[in-house]
Amino acid sequence: MSDDAIARLADFFDRNGYVRQQNAERLAVEGCGSYKKGDEVRLVAESLAELAEIRRLLRSAGFKLGRAFRKANQYRQPVYGREQVARFLVLVGGRRRTRRDT
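In my numbering, the protein residues as written are 6 to 107.
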C-alpha cells in the first residue's frame, strides 16, 4: 500500500473516525453471553463517493470489511476484530481518540 493511500486513510480517521475497545472488566463480570461488544474501528464518510474510497483503501490494505451503514446523513464503515483494529492503528499511526465501551 502506498504512503499516499495510508495518508488518505489516516486523514479520514483523523477527521472523525474512532476506535471502540472491549471493556475487559465488564467482560469479566458479565461474561461473553451478555456482553458481546468487541474491538472496532469506524470511519465516517460524508458521501457515497467517500464511502467507496474508504472501502477501496481498506480492501487494498488487506482488511476484511464490516457492513457499512447510514447514520445521521453520513455513512459509517466499521472494521471489526482486535487484530484488525491493532493493525489499522499501526498503519495510521494510532493517532485518534478511543472510546471505551462501558
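From the three backbone atoms N, C-alpha and C, an ideal C-beta is built for every residue, glycine too. All values derive from a computational prediction rather than experimental measurement.
Query                                                                                                                                                           : Result
Sort Gly-98, Val-95, Leu-96, Gly-43 by Cα distance to Pro-83 and report the nearest one.                                                                        : Gly-43
Are there 16 or more other CB atoms within 10 angstroms of the CB of Phe-74, so buried, or fewer, so exposed?                                                   : exposed
Return the CA-CA distance between Ala-77 and Val-49, expressed in angstroms with no decimal places.                                                             : 11 angstroms
Quick one: what's Phe-74 bridged to in DSSP?                                                                                                                    : Arg-81
Kindly give me the distance between the Cβ atoms of Val-24 and Val-90, rounded to whole angstroms, as I take these residues to be in contact under 8 angstroms. : 6 angstroms
Opposite Ala-50 in the DSSP bridges: which residues?                                                                                                            : Tyr-80
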